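Below: one structure, written as structure tokens.
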Amino acid sequence: MNPKRCAACKYLRRRCPKDCIFAPYFPPNDPAKFACIHRIYGAGNVSKMLQQLPEQTRAEAVESLCFEAKCRVDDPVYGCVGIIHLLQTQIQNAQNELAKTQAEVAVAQTNLSQTQNSDF
Amino acid sequence: MSSSGNPSSSGGGGGPCGACKFLRRKCVAGCIFAPYFDFEQGAAHFAAVHKVFGASNVSKLLLHIPEHKRPDAVVSICFEAQARLRDPIYGCVSHIVSLQQQVVSLQTELSYLQAHLATLELPQPMAPVSSSGSLQALSITDLPTISPSLYDLSSFFEPVMSSTWAMQQQPRPSDHVFGVPSSSSIIGGGGEIQALAPEFIHGGQMPAQPSLGTSGSASTVIKRE
């Protein structure tokens, strides 16, 4: 038994076994991380998801789950889909601005070459 | 795709909703899932949601959301669930990172073009270089590559906040851990998420993802009026 329980087992008020699947990713000094993920996904679902993944990818999976859970807690309606929408809007705005600036550059280049030709 | 609030999909005579059909339980009158998971395709969508989030978690989530916002919430939950099943490691975070990189790339290109435009618009050129020469001297590929890591996602709004054009285009994000504006400022109304749902579910901009059309559209989950 792990003498120092991980945050997940502390939250679940259970013993933390040596091979606890949560222990590597939920250190006891960050209880909020597991609390958030448990609230959205539930310990059982997270455990199942992690068990189905190769060990070397679990850390990344936990981080992405934490991110999505945090987004969902902060925005219960849209979660991280809200961020996707915001980014897509930003991309659209940037593309519009880019097209506008490219047109301005073309005009400026035309004016410049006309000026240079008239100088000659 | 059945309309929202269709009584035939709720318990009490019209057969179970998709969620209760999947859970193999009696669909009671007032079932919280019934308006959003119809009998035909709702079960398939709910399967993904149940696998990732769990029925009780989703139920609790929906109970805390105003009823008029629940269709949007169900669409986003279905999207996240399907993204997670498709990519068990990153879920839809990979899509966010990809979009973030696109934003940064576009901002960089825009900054470069604006600087170039400023050079062209100078009344007297500072140095006798041709425009093509200045373009060759400074190339997009020479600019530093920005590779946001997964762990930096919490601060990915900072480049937006510091960018001049972004400030002009977007309202300043609220002081939030993830810099996410409130949902009301992101999506104006229920109609927008409904319009977005086919774009999301049919793989509008999902990078390297299989076609989402096989699993149906989340818009079929949401019963339109």
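Respectively, the protein sequence lines represent chains S and G.
The opening residue of the first sequence carries number 1 in UniProt numbering; numbering runs sequentially from there.
The opening residue of the second sequence carries number 1 in UniProt numbering; numbering runs sequentially from there.
For every residue, glycine included, the Cβ atom is placed at its ideal position computed from N, Cα and C.
Computed from a prediction, not measured in an experiment: that's the story for all the values here.
Residue 21 of chain G has a beta carbon lying at 8 angstroms or more from every beta carbon in chain S. The C-beta of residue 103 of chain G comes closer than 8 angstroms to at least one C-beta of chain S. Across the structure, residue 45 of chain G and residue 78 of chain G are spaced so that their CA atoms are roughly 7 angstroms apart.
Boundaries of the alpha helix (DSSP H) harbouring residue 74 of chain G: 70–86, taken from the DSSP string. In this structure, the beta-carbon distance from residue 58 of chain S to residue 25 of chain S falls below 8 angstroms. By the C-beta density criterion, residue 56 of chain S is exposed, having fewer than 16 other C-beta atoms within 10 angstroms. At a Cβ-Cβ threshold of 8 angstroms, residue 6 of chain S and residue 23 of chain S count as neighbours. For residue 117 of chain S, no CB of chain G lies under 8 angstroms from its own CB, so it is not counted at the interface with that chain. With contacts defined as CB atoms closer than 8 angstroms, residue 73 of chain G and residue 62 of chain G qualify as a contacting pair. For the C-beta of residue 36 of chain G, not a single chain S residue is nearer than 8 angstroms; the gap to the nearest is close to 13 angstroms. For residue 35 of chain G, the closest alpha carbon among the candidates G:23, G:71, G:51 is that of G:71. For a Cβ distance threshold of 7 angstroms, residue set 105 of chain S lies close to residue 116 of chain G, ordered along the chain. Straight across, the Cα-Cα distance linking residue 94 of chain G with residue 116 of chain S is about 49 angstroms.
Annotated as proximal: residue 39 of chain G and residue 21 of chain G, with beta-carbon spacing under 8 angstroms.
Of all residues in the region 56–68 of chain S, the ones placed with a Cβ closer than 8 angstroms to any Cβ belonging to chain G are 57, 60, 61, 63, 64, 65, 67, 68, in chain order.
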